[in-house]
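Novice: In the order they appear, the protein sequences are chains A and B.
Note that the first sequence covers residues 14 to 214 in my numbering.
Note that the second sequence covers residues 14 to 214 in my numbering.
There are 2 protein chains.
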Amino acid sequence: MPHSSAGPEIERLIALLSRLPGLGPRSARRAALHLIRKKEMLMVPLAAALGEAVDRIVTCHECGNIDVSDPCAICAAGGRNQNSICVVEQVGDLWALERAGAYRGRYHVLGGVLSALDGVRPEDLRIGRLVQRAKEAEITEVILALNANVDGQTTAHYIHDALKESGVQITSIARGVPVGGELDYLDDGTLSAALKARKLL
Amino acid sequence: MPHSSAGPEIERLIALLSRLPGLGPRSARRAALHLIRKKEMLMVPLAAALGEAVDRIVTCHECGNIDVSDPCAICAAGGRNQNSICVVEQVGDLWALERAGAYRGRYHVLGGVLSALDGVRPEDLRIGRLVQRAKEAEITEVILALNANVDGQTTAHYIHDALKESGVQITSIARGVPVGGELDYLDDGTLSAALKARKLL
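(1) Measure the CB-CB distance between threonine 168 of chain B and leucine 127 of chain B and report whether it falls below 7 Å.
(2) According to DSSP, simplified to helix, strand and coil, what is histidine 121 of chain A?
(3) Is serine 97 of chain B close to chain A, meaning its C-beta is less than 7 Å from at least one C-beta of that chain?
(4) Give the interface partners of alanine 89 of chain B over in chain A, defined as CB-CB distance under 7 Å, in chain order.
(5) Any chance the region 27-35 of chain B sits against the region 54-70 of chain A, with 3 or more Cβ pairs inside 8 Å?
(6) Where does leucine 82 of chain A sit, in a helix, a strand or coil, going by DSSP?
(7) Which residues does DSSP list as the beta-bridge partners of glutamine 103 of chain A?
(8) Between the region 51-82 of chain B and chain A, which residues of the former have CB atoms less than 7 Å from a CB of the latter, in chain order?
(9) When you compare only the Cα positions, how much space is there between tyrosine 198 of chain B and alanine 207 of chain B?
(10) Can you list, in chain order, the residues of its chain whose CB lies under 6 Å from that of isoleucine 172 of chain A, leaving out five sequence neighbours each side?
(11) Ends of the beta strand (DSSP E) at glutamate 154 of chain B?
(12) Look up valine 190 of chain A in the DSSP assignment and say whether it is helix, strand or coil.
(13) The beta strand (DSSP E) that contains glutamine 182 of chain A, what's its start and end?
(14) Along the alpha helix (DSSP H) that carries isoleucine 140 of chain B, what are the first and last residues, could you check?
(15) Is it true that the CB of glycine 35 of chain B sits closer than 7 Å to the CB of serine 97 of chain A?
(16) Can you round the beta-carbon distance between serine 179 of chain A and valine 144 of chain A to whole angstroms, since I take them to be within the 8 Å contact cut?
(17) Using the DSSP secondary-structure output, state which residues sit across from isoleucine 98 of chain B in a beta bridge.
(18) Run down chain B in chain order and give the residues with a C-beta less than 8 Å from the C-beta of glycine 35 of chain A.
(19) Going straight from the alpha carbon of valine 221 of chain B to that of glutamate 75 of chain A, what length do you get?
(20) Does valine 133 of chain B come out as helix, strand or coil in the three-state DSSP assignment?
(21) Should leucine 157 of chain B and serine 185 of chain B be called a contact, given that it needs their Cβ atoms to be closer than 7 Å?
(22) Pull out every residue of the region 92-119 of chain A whose Cβ sits closer than 8 Å to any Cβ of chain B, in chain order.
(23) Determine the chain B residues that contact glycine 20 of chain A at a beta-carbon separation under 7 Å, and present them in chain order.
(24) Tell me whether serine 40 of chain B sits in a helix, a strand or coil according to DSSP, three-state version.
(25) Taking 7 Å as the CB-CB cut-off, is isoleucine 49 of chain A touching chain B?
(26) Among residues of its own chain, excluding the 5 on either side of glutamine 49 of chain A, which ones have a beta-carbon nearer than 8 Å to its beta-carbon?
(27) Taking valine 155 of chain B as the reference, which of B:Ala89, B:Ala161, B:Asn94 and B:Pro84 has the closest Cα?
(28) Taking Cβ-Cβ distances shorter than 7 Å, what residues in chain B pair up with leucine 123 of chain A?
(29) Report the three-state DSSP secondary structure of valine 71 of chain B (helix, strand or coil).
(30) Would you decide whether asparagine 78 of chain B is buried or exposed? Buried here means 16 or more other CB atoms lie within 10 Å of its CB.
(31) Do we get a CB-CB distance below 7 Å when we pair arginine 25 of chain B with the residues of chain A?
(32) Check whether the Cβ of arginine 139 of chain A lies closer than 7 Å to any Cβ atom in chain B.
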């Protein structure tokens, strides 16, 4: 990255900030200056929040979610449906489903998807633990909420095979026209999927 | 910002990250997840770099630059031209000029520009100190490198008046066609300025 003529301490801060997704070298410089300008209001609390995150955030051994407790707040919550597990790729997907508020069961975060290109094998993902969990007596359904791309679907097929003998019902979230979607602007794949999955009115 | 269903510690980290320029709520969530995933490689060093910045970064009382020492490395450097002061609005502008490597004198960072709209008055900027510095025996030239917009030019005029009796030469960086600029794509203001400032070949 280009020299910013600041001291090595500021250079280092800029270099680290530029490694965050969404920030390049130029916006990292702007972010560093903003932090230095808002020292008490932003830099001090951000340093503290990061320090606390370093010390306290752990991965839930049960579902793979991240939280400050293990098991995580969702696994430990009493009021949730204990009969179904929703399988997602990443913690961000879990957050998205929770924001939507459409699901009140348990989760399982794989930590990625199978990918020949990136060399991700089944043993690199949290699949073994999922197979164990699916055998628990109260589990009746495993919902696959993986991305609708090649790697996501390859992973869905692999998990479907791995879970076959557990006897649980395996479902996948629906493909179709997104809410508010206009047909003219949708890609062919979505249109074909929506047409194939048509329902009786 | 929308609930991300992470614990309050992660929520707080996301909220702070979303206040950085260039990051919104969605990219702040991605940044937080990225930090948590790259804990040892990124989150730990970033927390340390921020903590060090909080403790060590100060504003140079001489020129307004930021550094870990006061006077800053540029003010303290022996090899630089001590006869001219280049006036800029923000530390980022100083960095830009240093990156370009086109100037080897001293600087003065105003900390903003006069703005009736934002209520920025002369006493809110580092103008008094500039007038003092311009009176130092070795200073022969003050170069105004302010942005080419209304507020920047208002500020340039104000400084020009404030420095009149110091007797130093006051110049402003040139306006014209940027290097590599094509006339067809330039705005009218730049074209007019370039034409007015034409030079004998």
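From the three backbone atoms N, C-alpha and C, an ideal C-beta is built for every residue, glycine too.
Specialist: Taking the coordinates as given:
(1) yes
(2) strand
(3) When Cβ-Cβ separations below 7 Å define contact, serine 97 of chain B makes no contact with chain A.
(4) Near alanine 89 of chain B there are no residues of chain A at all, since even the closest Cβ is about 11 Å away, more than 7 Å.
(5) With a cut-off of 8 Å, the region 54-70 of chain A and the region 27-35 of chain B count as touching, because enough Cβ pairs lie within range.
(6) The amino acid occupying residue 82 of chain A in the given sequence is serine; leucine does not appear at that position. Correct three-state label for serine 82 of chain A: coil.
(7) In DSSP, glutamine 103 of chain A forms no bridge with anything.
(8) Lys52, Leu55, Met56, Val57, Pro58, Leu59, Ala60, Ala62, Leu63, Gly64, Glu65, Ala66, Val67, Arg69, Ile70, Ile79, Asp80 and Val81
(9) 14 Å
(10) none
(11) 154-157
(12) coil
(13) 182-185
(14) 140-147
(15) In this structure, glycine 35 of chain B does not lie closer than 7 Å to serine 97 of chain A by Cβ.
(16) 7 Å
(17) DSSP lists B:Arg119 and B:Val155 as partners of isoleucine 98 of chain B.
(18) Gly35, Leu36, Ser40, Arg43 and Ala44
(19) Outside the shown range of chain B (14 to 214) lies residue 221 of chain B, about which nothing can therefore be said.
(20) DSSP places valine 133 of chain B in strand when its eight states are reduced to three.
(21) Contact annotation: leucine 157 of chain B and serine 185 of chain B have beta-carbon atoms nearer than 7 Å.
(22) In summary, the residues of the region 92-119 of chain A whose CB is separated from some CB of chain B by less than 8 Å are Gln103, Val104, Gly105, Leu107, Trp108, Glu111 and Arg112, in the order they occur in the chain.
(23) Correct list: Asp80, Val81 and Ala86.
(24) helix
(25) yes
(26) According to the sequence displayed, residue 49 of chain A carries isoleucine and not glutamine. For isoleucine 49 of chain A, where only same-chain residues beyond five positions count, the Cβ hits under 8 Å are Ile23 and Met56.
(27) Of all alpha-carbon atoms in B:Ala89, B:Ala161, B:Asn94 and B:Pro84, the one lying nearest the alpha-carbon of valine 155 of chain B is that of B:Asn94.
(28) Going along chain B, no residue has its Cβ under 7 Å from leucine 123 of chain A, so there is no contact; the nearest lies around 14 Å.
(29) strand
(30) buried
(31) Output row for arginine 25 of chain B: interface = yes.
(32) no
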